[in-house]
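Worksheet: the structure to be examined is printed underneath.
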Amino acid sequence: MKTRNILYIILIFLIASCSKDAGSSTSSSDGFSTGTAGSLARFAIVGDNLYTVTKTDVKIFDISEASNPIYKVDKPFGFGIETIFPLGNTLFLGSETGMYIYDISNPLAPKQLSQYRHILSCDPVVANENYAYITLSSGATRCSRGLTQLEVIDIKDKKLPKVAKIYPMNNPKGLALNGNDLFVCDDNVKWFDATDNVNLIPKGIIDVKANDAIAIGKLLMLIGENGLTQYDYSGKEPVLLSSIKIGFK
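According to mature numbering (1 follows the signal peptide of the UniProt record, and there is no 0), the residues represented by the sequence shown are -22 to -1, 1 to 227, in order.
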């Protein structure tokens, strides 16, 4: 956990440095700007607000003055919350029992739209406007009764999410979605063409054991227990750009 926290700090600086060229945030037509983070992140930046998750709550901070964040409110969001992913004015929360979808049109008063339930399993999530991608893993002790698979969820109606397709995996963890490219951290990193959204086409494999991924432009950042690696995936084969080794015994 300590290693992961340090690596996420490094990622923040890397993302900030490359944002001028590749764009480190996404924005939707409704004017909400969202900060880029990994699928295992426990925080999300949307506009002038920072959302951080605990197992049961989301704490909201006003960060309009970055040097002086102001705590605003604490909202109960569910049970076993593990991850948070922003998209426009929507928050997707991965939990041990499913995915929660919240509308944050009113940033300080999130409104639950729906919950997609599954068997107890660890559950990071990424999404585009129409589909969410969830990895279910039983690798952690607390998720020992879970499944090991990638689920594609139809969220065109965010009040009624439904499974569109399931892909067997070995022990999936984090994932990243950027345009038509989907990366899944399994026993290695699997690269898919997600142009069709539901019917994924394998594009390649990166032989790295990673816990999470962030894709910005054509730059892929992979975070693992031993460090951070960066790849250029603009061609047919990903090209290793750099590797930062960090580890604790």
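Virtual Cβ for every residue (Gly too), placed ideally from N, Cα, C.
### Closest residue to N149 among K187, S220, K134 and K140 (Cα-Cα distance)
Minimum Cα distance to N149 is reached at K187.
### Message
Whole angstroms are fine: how far does the CA of T207 sit from the CA of S221?
### Response
If you take the alpha carbons of S221 and T207, they lie about 4 Å apart.
### DSSP three-state assignment for L219, whether helix, strand or coil
Strand, per DSSP.
### Query
Given M147, which residues of its chain have a CB within under 6 Å of its CB, disregarding the five upstream and five downstream residues?
Within the same chain, T126, Q127, L128 and D164 come within 6 Å of M147 by CB-CB distance, once the 5 residues on both sides are set aside.
### Query
Buried or exposed: G213, going by 16 or more other Cβ atoms within 10 Å of its Cβ?
So G213 counts as exposed.
### Query
Whole alpha helix (DSSP H) runs in the stretch 26 to 93 with 4 or more residues, listed along the chain?
The qualifying runs do not exist here; there are none.
### Query
Secondary structure at R95, three-state DSSP: helix, strand or coil?
The DSSP-derived three-state label of R95 is strand.
### Query
Within the present structure, is the beta-carbon of S116 separated from the nearest heavy atom of the ligand SAH by less than 7 Å?
Judged by which ligands are present, the structure shown has none, so any question about the ligand SAH falls away.
### Task
Return the chain-ordered list of same chain residues with a C-beta closer than 7 Å to the C-beta of K137, the five sequence neighbours on each side being excluded.
For K137, where only same-chain residues beyond five positions count, the Cβ hits under 7 Å are L91 and S92.
### Message
What does the alpha-carbon distance come out to for the pair E74 and G16?
### Response
Going by the C-alpha atoms only, they are around 18 Å apart.
### Task
Report yes if the C-beta distance between K53 and D35 is below 8 Å; otherwise report no.
Yes, Cβ-Cβ distance for K53 and D35 is below 8 Å.
### Query
Using a Cβ-Cβ cut-off of 6 Å (strictly less than) and excluding sequence neighbours within five positions of V103, which residues of its own chain qualify?
If we look at V103 and ignore the five residues flanking it on each side, its Cβ neighbours are F63, F70, G72, M77, A110 and I112.
### Task
Quick one: grab the DSSP three-state call for S2.
Any reading at S2 needs caution, since the residue's pLDDT is 36, under 50, leaving its predicted position unreliable; the model's value is listed next. S2 falls in the coil class under three-state DSSP.
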